[in-house]
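Novice: Count the sequence shown with UniProt numbering and you get residues 1 to 183, in order.
All C-beta atoms, glycine included, are put in the ideal place defined by N, C-alpha and C.
Note that the coordinates shown come from a computational prediction; the quantities given were computed from them, not determined experimentally.
This structure is in structure tokens; I'll ask about it shortly.
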Amino acid sequence: MTKRITLAVSGSISAYKAADLTSQLKKRGYEVKVIMTEAATAFITPLTLQVLSKNPVHLDVMEEKLAPRIEHIDLGKETDLFIVAPASANTIAHLANGFADNMLTATALALPPKTKKLLAPAMNTKMYDNPLTQRNLKLLAELGYQIIEPKSALLACGDVGRGALADLELILETIDEVLNKNS
Numbered sequence: 001m002t003k004r005i006t007l008a009v010s011g012s013i014s015a016y017k018a019a020d021l022t023s024q025l026k027k028r029g030y031e032v033k034v035i036m037t038e039a040a041t042a043f044i045t046p047l048t049l050q051v052l053s054k055n056p057v058h059l060d061v062m063e064e065k066l067a068p069r070i071e072h073i074d075l076g077k078e079t080d081l082f083i084v085a086p087a088s089a090n091t092i093a094h095l096a097n098g099f100a101d102n103m104l105t106a107t108a109l110a111l112p113p114k115t116k117k118l119l120a121p122a123m124n125t126k127m128y129d130n131p132l133t134q135r136n137l138k139l140l141a142e143l144g145y146q147i148i149e150p151k152s153a154l155l156a157c158g159d160v161g162r163g164a165l166a167d168l169e170l171i172l173e174t175i176d177e178v179l180n181k182n183s
């Protein structure tokens, strides 16, 4: 049976890496559905991820295309793994505090309790190290999210430090491990 992944992309300069991640997941035989925040669409187009995933990209929690479906509920029911990559500070804060104000956060809040959840943060070092972000990450870990730690690198803003999206190979290895554990 094909494993189903929901890739949630939030607003970070690293959002462009979602294209390669989607492509690599498809090549590994996974079914991939993509959710994007509005901010993510400023960095990469939904069409790119639609073509690579071979599925419609979900953008608006208030847009229901098929009457019998409630997309944010059904997406959660139909996924084996929910991964936010990249996870911006804003999205992490919303997830940690139970907001459901966009397609990504509403779907996350509606996930069945046993759904596997990964989070790959990407942001400026100062934002990542901020005690509020660290508190939110700790809370999400306690709530069942596995955190794929960002790496230290030269960031888009010119700063050097921890906050760059983890290498795609590490993200892919983590996904494989999580989905193949106990199967």
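Drop a sphere of 10 angstroms on the beta-carbon of P112, count the other beta-carbons inside from all chains shown, and report buried for 16 or more, exposed for fewer.
Specialist: Counting from one through the sequence shown, the residue named residue 112 turns up at place 112. Under this definition P112 is an exposed residue.
Novice: To the nearest angstrom, report how far apart R4 and E31 are at their CA atoms.
Specialist: Looking up residue 4 in the sequence shown gives position 4. Looking up residue 31 in the sequence shown gives position 31. Computed Cα separation, rounded: 5 Å.
Novice: Pick out whichever of G158, L119, Y128 has its Cα sitting closest to the Cα of L140.
Specialist: As a first step, residue 140 must be located in the sequence shown, where it is residue number 140. Comparing Cα-Cα distances from L140 to each of G158, L119, Y128, the minimum goes to L119.
Novice: Short of 6 Å in beta carbon distance, which residues of its chain neighbour S12, apart from the five on each side in sequence? Order them along the chain.
Specialist: Residue numbering aside, residue 12 sits at position 12 when the sequence shown is read from its first letter. P86, S88, A122.
Novice: Return the residue from the list M1, T37, T6 that minimises the CA-CA distance to A15.
Specialist: As a working note, residue 15 is residue 15 in the sequence shown. A15 has its Cα closest to that of T37, out of M1, T37, T6.
Novice: Rounded to whole angstroms, how far is the Cβ of K116 from the Cβ of D80, which I believe are closer than 8 Å?
Specialist: Looking up residue 116 in the sequence shown gives position 116. Looking up residue 80 in the sequence shown gives position 80. So it is a contact: roughly 7 Å between Cβ atoms.
Novice: Shortest alpha-carbon distance to Q146 belongs to which of S152, L137, A153?
Specialist: Along the sequence shown, read from residue 1 onward, the residue named residue 146 stands at position 146. Ranking the options by Cα distance to Q146, first place goes to L137.
Novice: Can you look up R162 in the DSSP assignment and give me helix, strand or coil?
Specialist: Walking along the sequence shown from the start, residue 162 turns up at place 162. In this structure, R162 counts as strand in the three-state DSSP scheme.
Novice: Verify the contact flag: L81, CB atom, against every heavy atom of the ligand SAH, threshold strictly below 7 Å.
Specialist: The ligand SAH is absent from the structure shown, which contains no ligands of any kind.
Novice: Secondary structure at M1, three-state DSSP: helix, strand or coil?
Specialist: In the sequence shown, the residue the question calls residue 1 occupies position 1. In this structure, M1 counts as coil in the three-state DSSP scheme.
Novice: So, helix, strand or coil for M36, using DSSP?
Specialist: Against the sequence shown, residue 36 aligns to sequence position 36. M36: strand per DSSP, three-state reduction.
Novice: V57: buried (16+ other C-beta within 10 angstroms of its C-beta) or exposed?
Specialist: For the purposes of this step, residue 57 is taken as residue 57 along the sequence shown, with counting starting at 1. Looking at its Cβ environment, which holds 16 or more other Cβ atoms inside 10 Å, V57 is buried.
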